[in-house]
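Q:
Residue numbers (the numbering used here): -10 to 187.
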C-alpha cells in the first residue's frame, strides 16, 4: 500500500492508500487470478489454456501459460491495437484476431472450454479466487483494521467481486470487524455497471 497524503488532502479525506498492482509479473492485477486459474488447469490435467481479451488478461494468461508449459490460445478483437498485441505475442501464444461482437466471442469461448482446454476469462471462478488476495494483503498491511471503503477500477466486475469476497471471508473468520464499503469506478467511455446501476 502506498500512502498518498497530497491526493487525500485534495479529495478532503483523512487518509488515502493506493494498492500498487504494477509490481506483478505482467504489471497487472490480472496475474492474481491467472496464477490460480493455471494451477487449477494443471491440477485438472488440461492440455491448453485459452483467453478472450483485449489486452492485459491475454498477456497475463500467455505469460503464465508459458511458465506452466501449456500452449495458450488467445482470441482478441480485430480492432485491438498492434501495440497491445506485441505485449501478448512476446510469450508465444497462438493468437487470432476475430471480427464481430466481443460478447459473442466470449460466449463461444465458454462453450469451447473443456477438460482439455481451460479458458481463463474474467469471470472464471479461479480468477475470482485469485483476486481475493488483494483484500487479504490490504488487511494484513493495515494490521487487520480494514479501510472504510475500497474504490476498485472495474471493467467486467470479476476483480471487484473477488476483492469483496476476500473481505467477506475475513469477516466471517472474525479476522476483521467489518467489510469496507465497495465503490465501483468505471471510465465514462465504458461504464456498463455504472450505467446499469443508474
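No residue lacks a Cβ here, since even glycine has one placed at the ideal position from N, Cα and C.
Only a predicted model underlies this, so the values are computations on that prediction, with no experimental measurement involved.
Count the other CB atoms, across all protein chains shown, that sit within 10 Å of the CB of residue 133; report buried if there are 16 or more and exposed otherwise.
A: Residue 133 is classed as exposed because its beta carbon has fewer than 16 other beta carbons within 10 Å across all chains shown.
Q: Three-state secondary structure (DSSP) at residue 120?
A: helix
Q: Does DSSP put residue 66 in a helix, in a strand, or in coil?
A: strand
Q: May I ask you to list the residues that DSSP assigns as paired with residue 37?
A: Looking at the DSSP assignment, residue 37 forms a beta bridge with 106.
Q: Considering only the alpha carbon of each residue, which of 59, 65, 22, 71 lies closest to residue 49?
A: With distances taken between CA atoms, residue 49 lies nearest to 22 out of 59, 65, 22, 71.
Q: If you draw a straight line from the alpha carbon of residue 123 to that of residue 17, how long is it in whole angstroms?
A: The straight-line gap from Cα to Cα measures roughly 12 Å.
Q: Following the continuous alpha helix (DSSP H) through residue 179, name the residue where it begins and the one where it ends.
A: No alpha helix (DSSP H) contains residue 179, which DSSP labels as neither H nor E.
Q: State the start and end residues of the unbroken alpha helix (DSSP H) segment that holds residue 139.
A: Segment 138 to 142 is the beta strand (DSSP E) holding residue 139; no alpha helix (DSSP H) there.
Q: Please classify residue 11: is it buried, with 16 or more other beta-carbons within 10 angstroms of its beta-carbon, or exposed?
A: Residue burial is scored here from C-beta neighbours: residue 11 has fewer than 16 other C-beta atoms within 10 angstroms and is therefore classed as exposed.
Q: Return the residue from the list -10, 20, 166, 78 that minimises the CA-CA distance to residue 115.
A: Measuring C-alpha to C-alpha distances from residue 115 to each of -10, 20, 166, 78 identifies 20 as the nearest.
Q: From this set, 186, 127, 57, which residue's C-alpha is nearest residue 138's C-alpha?
A: Closest option to residue 138, Cα to Cα, is 127.
Q: What first and last residue would you give for the alpha helix (DSSP H) that runs through residue 153?
A: 147 to 161
Q: Using 8 Å as the cut-off, can you tell me whether the stretch 177 to 184 makes contact with the stretch 157 to 167, which would need three or more C-beta pairs spanning the two stretches below that distance?
A: no
Q: Give me the Cβ distance between residue 106 and residue 35, rounded to the nearest whole Å; I'm assuming they're in contact under 8 Å.
A: 7 Å
Q: Going by DSSP, what residues sit across from residue 171 in a beta bridge?
A: 139
Q: Taking contact to mean 3 or more Cβ pairs, one atom from each stretch, closer than 8 Å, check whether the stretch 168 to 176 and the stretch 140 to 149 are in contact.
A: yes
Q: When DSSP labels each residue in this structure, what does residue 77 get in the three-state scheme?
A: helix
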